Structure formats: structure tokens, C-alpha cells
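Worksheet: the structure to be examined is printed underneath.
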Amino acid sequence: MKLTMLFVSLCVSLVSAGVVITPIRQEQVVVKNDDDCFFGVTTPQGCGPLRT
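If you count by mature numbering (1 follows the signal peptide of the UniProt record, and there is no 0), then the sequence shown holds residues -17 to -1, 1 to 35, one letter each, in order.
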């Protein structure tokens, strides 16, 4: 029980910090500017690697 609560607490803190990585699909990609992400693709929420 304590281990489960620790795991749930860890997941909640990661989600609230915005550390959760979601897959980026082609329909979410927007045009990249020169000062945008130096890796991956740009979306309205941020940037990351494109998933196929």
C-alpha cells in the first residue's frame, strides 16, 4: 500500500510539473521559426520528437 501511494504521488508530481511526454503526430506540427526548438518539431504546446 505504501509503495502504491508513493508511485501515485510521483506520477501526480510529474504531471503537475509538465514532465509527461505525449506523442506528437503530424497534424499537431506548426511552422518552425529560427528561434524555436533546436531539436524535433514545433507544436502550439512546445516541441519534441515527431512520432510516426
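The beta-carbon is built from N, C-alpha and C at its ideal position, and this holds for glycine as well.
All figures in this text were calculated on a predicted structure; none of them were measured in a lab.
A residue is called buried when at least 16 other Cβ atoms come within 10 angstroms of its Cβ; Ile7 meets this threshold and is buried.
Under the three-state reduction of DSSP output, Val12 falls in the coil class, being neither helix nor strand. Going by DSSP, Thr(-14) is part of the alpha helix (DSSP H) stretching over Lys(-16) to Ser(-2).
In the structure shown, the three-state DSSP call for Cys30 is strand. The C-alpha of Lys(-16) lies about 17 Å from the C-alpha of Ser(-5).
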